[in-house]
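The structure under discussion appears below in the form of structure tokens.
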Amino acid sequence: MRSKRLNVSRLKKPGRLLSFLKPIVLCKHRRLILLFVTLFFALLTAVSLSLWNSFKHAMEQTQQRILFQSQLLERSITRTLESVESAMVSLDLLLSQQSLESETAERSLASLRQRVDEMIHFSPHIRQVIVTQGSQVLVDSAARSEGLHLDSDRLGLNLSSSNGVVGQGLQIISRVDQRFLPLIDRDEGSARHSVLVTGLRSGHRSETGDAYWVLVAMNPEYFTAFFKAEGPAAELQQAISLLGFDGEIFASLLTDVSDLPPVSVFLESGQLMQLVSGKEAIHAWSVSSRYPLIVSITQSQRELVRGWLLSHQSMLVVLAALIVLMLISMLVLLREVIHRFSIQQEMALLFKAVDQSSAAVILTDNEQQVVYVNPAVERLFGYPASDLMGRNPKLLGSGQTDAAILQQLRQTLTQGEDWEGELVNRTASGEHITVATRISAVLDEDAVISHFVGIMEDVTERKQQQALLYQQNIKLGQLATVFTHAHEGIMICCPNGEILDVNEAFCQITGYSRDEVIGQNPRLLKSGHQDSAFYASMWHSIQTDGCWSGEVWNRRKDGEVYVEHLTITAVRDAEGCVMHYVSLFSDISLQKKQEIRLQRLAHFDPLTGLPNRSLLHDRLQQAMYNTLRRQHLVAVVFIDLDGFKAINDAYGHDAGDSLLCFLAEQMQSTLRDGDTLARLGGDEFVAVLTDLADETACEAALKRLLQAAIQMHCFKGECFHVSASIGATFFPQPETVGPEQLLRQADQVMYEAKTSGKNQYRIFDPRRNAVLPRDVCVI
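Okay, so the sequence shown: first residue is 648 according to this note's numbering, each after it adds one.
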């Protein structure tokens, strides 16, 4: 492995040098970053101010433009209405010269129709002209309502003599949402645009006193086309509206007229022109100099911003590109600074690690002169750093290293490769030590060897330990032979309980392979038969006495539970610390089964499985003890089968054995859980009934026993039955008696029952030492 290129020819104390240069380098980088960030935000601020001033100037120009446009439109609409008024005055003059109620009325009306047609022909801004006498239509340019009556209520006009003032001039009456002026009892569909209605009251009246009116309905399409023609470019999204002083909208290009602000505030200001700012638009208002009309030009602020962005698109793209470029430059610079700082941190960490390393590090130039040593060299060899600087590392040689090893070292380093091996060196005190050494060549930018770095570690103690370990391994090999061929299972555990090794006998006994248990805890063999207190006592003995021996129930891999005789010994080192635990065990399951079988034979009847005389004696003694403590009675019942010998002789011993087992089950089923039924031998049984309140409480159990004894039993096609004679006695008695005496008393009264006819029971009276005069026969 080749080292990174590193020029360290002038480093004497690199840790101190780096700690001196680090604040300077970091300070320089911080200043550069701060300067770059300051310039960036200064440029960004200047650009933002310039753009804001440009946008503000564009807003002001737009406001002045739409205000000027609203003034021009107001003058144009005023002149249009003046021309309408002039035409209406001329028509009124003609009306005053005609007689509409004489014989020449038809000629006069024809003359009026001609003049109305001329008005319609030469005035595209007029849709309909009507001359009325009161509410009756005399002349209609649309030729659709002559002779009919106008709906003055829908027009909001009073056509009576009290409405209007003669000579007042053109009046803005209202607007209607249909194509022609409304008539009474005639419903017209709504038009696409509202119709502005103007009127002029004539200066003379009819013979009936009705006033003559000239009504003109303006053409909304003309105003819409006029607004569009007079309006600005479409991309500015401006809309023109015509409003009355009461806020009524006579014509508008707005899609939503609710955006217009109220006109009352504007009229109260007394100004002829005014800019009104809304939530989303700017409104330029101009009042007609002659008529009660307001011209409004609405400019959408959103579209104004959009237009400004489109007009400055190239400049914004250039500025955005410049900002992005500066951001990229700043990020590149920041990345470079972070990279250099990380390198400096790595170098600082490297020199710190070298200075604090326990391994000795020596750096030489290509002339094999020492240029750097770390403190570990001084500790290892005992030479101060000043005595080694500028010297050849051969100073540390002892002459004990094999010459072949030194020759190989020189050849390897000459080829620019790493060398690794062990050298025998000499300390300043003359002591010889074995040093594990790794020497690498350091290449400069031209791939020429400039330095050599050597890393050394004292392995003298390790070599000694290896020699000692070799001797121990010989002994362990001998022990391994015993370990492998022993017939007892052996398990070796570390102090934390982890299994280190097992022998073949362990695998044969437990069923686990060696690989399955290595690293596991011996708890995997636990069967659950012993509780935690048992194991706590075991480990207390191991910790206190150093060993433990006893029987443990464990579980094999296949789930079978077995018992083993186990010995655990703690192996300690010279200082008394536990190194290992060695467990030696053998499977004693067969011996335990044999013991259990012998114990059962000693306490239970082999034919019926009932307790024998020995176990009966123990349970009777326990029952007598508990009776004295609880102050209850115990009944001892002696049972002898009647006619069993005849069955045995007639049907054979197998039939007799089958009958005994059957009757044992029947009688056992009549007793309580705390009672005992035992077989003494042959056809004799004894029952021990505990916790009786008095002597009469026993009689029900005695009757059940008699009933159970007479049950029919079939064996190989033959059915037969027997009966029983029962004698009973109780404990405690006035005099002290023992178990054997109680059995004799029960046997005595049983005999009395048998001689009295069988299939009955008798109870012993201890006060007269005789049989109580009670006998029960079960048929």
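For each residue, glycine too, the CB sits at the ideal point set by N, CA and C. Note that the structure is a prediction, hence the values are computed from the model and not measured.
Between which residues of its own chain and residue i is the CB-CB distance below 8 Å, once the five residues before and five after are set aside?
i, result
"Asn-1168", "Gly-1144, Glu-1145, Ile-1146"
"Glu-1025", "Pro-1031, Ala-1032"
"Arg-1414", "Pro-1381"
Beta-carbon within less than 7 Å of residue i's beta-carbon, same chain only, minus the 5 sequence neighbours each way: which residues are those?
i, result
"Met-735", "Leu-817, Leu-847, Val-861, Val-863"
"Leu-966", "Val-694"
"Ile-1052", "Gly-1068"
"Ser-1188", "Trp-1195"
"Lys-1204", "Thr-1157, Gly-1158, Tyr-1159"
What does a CB cutoff of less than 6 Å around residue i pick up in its chain, not counting 5 residues either side in sequence?
i, result
"Gln-716", "Ile-944"
"Ala-880", "Low per-residue confidence applies at Ala-880: pLDDT is 44, beneath 50, and the placement is therefore not dependable, though the value from the model is reported in the following sentence. No residues qualify anywhere along the chain."
"Leu-690", "none"
"Leu-1056", "Trp-1066"
Taking C-alpha atoms, which residue in the options lies nearest to residue i?
i, options, result
"Cys-1199", "Val-1225, Ile-819, Leu-1172, Leu-785", "Going by the sequence as given, residue 1199 is Val instead of Cys. Comparing Cα positions, the closest option is Leu-1172."
"Leu-742", "Leu-756, Val-731, Ser-733, Glu-729", "Leu-756"
"Asp-1322", "Val-1284, Ala-1356, Val-1218, Ala-1051", "Val-1284"
"Ala-705", "Gly-954, Gln-1269, His-1079, Lys-1292", "Gly-954"
"Ile-1086", "Ile-1080, Ile-1286, Glu-1069, Gly-1077", "Glu-1069"
"Thr-1216", "Val-1208, Val-1210, Val-1225", "Val-1225"
"Glu-1365", "Asn-1295, Ala-1334, Leu-1339", "Asn-1295"
"Arg-1351", "Arg-712, Ala-872, Leu-978, Ile-1286", "Ile-1286"
"Asp-1002", "Gln-1358, His-1368, Asn-1021, Gly-1385", "Asn-1021"
"Leu-922", "Met-766, Thr-1107, Ile-713", "Ile-713"
"Ile-929", "Ile-941, Pro-939, Ala-886", "Ala-886"
"Phe-1377", "Asp-739, Leu-1353, Asp-1412, Ala-1356", "Asp-1412"
"Ala-1270", "Tyr-859, Ile-941, Gln-783, Val-1335", "Val-1335"
"Pro-1258", "Leu-1231, Ala-1221, Gln-1315", "Gln-1315"
"Phe-687", "Ile-970, Met-1138, Ala-1293, Val-934", "Ile-970"
"Ala-1083", "Pro-1386, Ala-1393, Leu-1027", "Leu-1027"
"Val-1369", "Ala-968, Lys-1363, Met-1359", "Met-1359"
"Ile-820", "Gln-744, Ser-788, Leu-940", "Leu-940"
"Ala-1371", "Thr-1383, Lys-1363, Val-1384, Ile-1357", "Ile-1357"
"Ser-853", "Asp-1330, Gln-783, Thr-1128, Arg-801", "Gln-783"
"Phe-702", "Gly-1328, Leu-956, Thr-845, Leu-682", "Leu-956"
"Ser-916", "Gln-1388, Val-934, Gly-1223, Lys-1122", "Val-934"
"Pro-1386", "Asp-1289, Asp-1341, Arg-1266", "Arg-1266"
"Ser-697", "Glu-1342, Ala-752, His-959, Gln-1016", "His-959"
"Asp-1304", "Gln-1016, Phe-1362, Gln-1268", "Phe-1362"
"Ser-947", "Ser-1004, Tyr-938, Glu-927, Val-964", "Glu-927"
How should residue i be labelled, buried or exposed, when 16 other C-beta atoms within 10 angstroms of its C-beta is the threshold for buried?
i, result
"Tyr-1228", "buried"
"His-1134", "exposed"
"Gln-1407", "buried"
"Ser-962", "The displayed chain sequence assigns Met, not Ser, to residue 962. Classification of Met-962: exposed, given that the 10 Å Cβ count is below 16."
"Phe-769", "exposed"
"Phe-1181", "exposed"
"Ile-975", "exposed"
"Glu-1242", "exposed"
"Ala-1000", "exposed"
"Lys-1240", "exposed"
"Ile-985", "exposed"
"Lys-1401", "buried"
"Cys-1141", "exposed"
"Trp-932", "buried"
"Glu-882", "In this predicted model, Glu-882 has a pLDDT of only 43, less than 50, meaning its place in the structure is not dependable; the value taken from the coordinates is given anyway. Exposed, because fewer than 16 other Cβ atoms sit within 10 Å of the Cβ of Glu-882."
"Ile-596", "The requested residue 596 does not occur in the structure, where the chain is confined to residues 648 to 1426."
"Val-979", "exposed"
"Arg-754", "exposed"
"Ser-1179", "exposed"
"Arg-726", "exposed"
Quick one: is the Cβ of residue i within less than 7 Å of any heavy atom of the ligand MG?
i, result
"Ile-820", "Only the bare structure without any ligand can be found here, which leaves the ligand MG out of the picture."
query = Would you call the stretch 1066-1083 and the stretch 1038-1049 touching, i.e. three or more CB-CB distances under 8 Å?
reply = yes
Item checked: Entirely enclosed beta strand (DSSP E) segments - the stretch 1015-1096, minimum 3 residues -> Runs of the beta strand (DSSP E) inside the stretch 1015-1096: 1017-1020, 1066-1073, 1079-1090.
* Can you list the alpha helix (DSSP H) stretches of 4 or more residues lying completely in the stretch 1125-1194, in chain order? -> Scanning the stretch 1125-1194 for uninterrupted alpha helix (DSSP H) segments of 4 residues or longer gives 1151-1157, 1161-1164, 1179-1192, listed from N- to C-terminal end.
Jot down the residue ranges of each uninterrupted beta strand (DSSP E) in the stretch 1196-1272, minimum 3 residues, whole runs only, in chain order.
For the stretch 1196-1272, the continuous beta strand (DSSP E) assignments of 3+ residues that do not extend past its boundaries occur at 1208-1219, 1225-1234, in sequence order.
Exercise. Decide yes or no for the touch test of the stretch 1003-1010 against the stretch 1089-1106: beta carbon pairs closer than 8 Å, at least 3 of them.
Key: yes
- Query: Are the stretch 991-1000 and the stretch 1028-1039 in contact at 8 Å, needing three or more beta carbon pairs?
  - Reply: no
query: On the three-pair Cβ rule with 8 Å, is the stretch 1251-1262 touching the stretch 1292-1311?
result: yes
**Asked** Which runs of the beta strand (DSSP E) spanning at least 3 residues fall entirely within the stretch 711-789, listed in chain order?
**Response** 773-780, 783-787
Notebook entry, point to check: What alpha helix (DSSP H) runs, 4 residues minimum, are completely inside the stretch 947-993?
Noted result: 948-958
Which runs of the beta strand (DSSP E), 3 residues or longer, sit entirely within the stretch 1345-1379? If we require 3 residues or more, the beta strand (DSSP E) runs fully inside the stretch 1345-1379 come out as 1360-1362, 1365-1367, 1370-1378.
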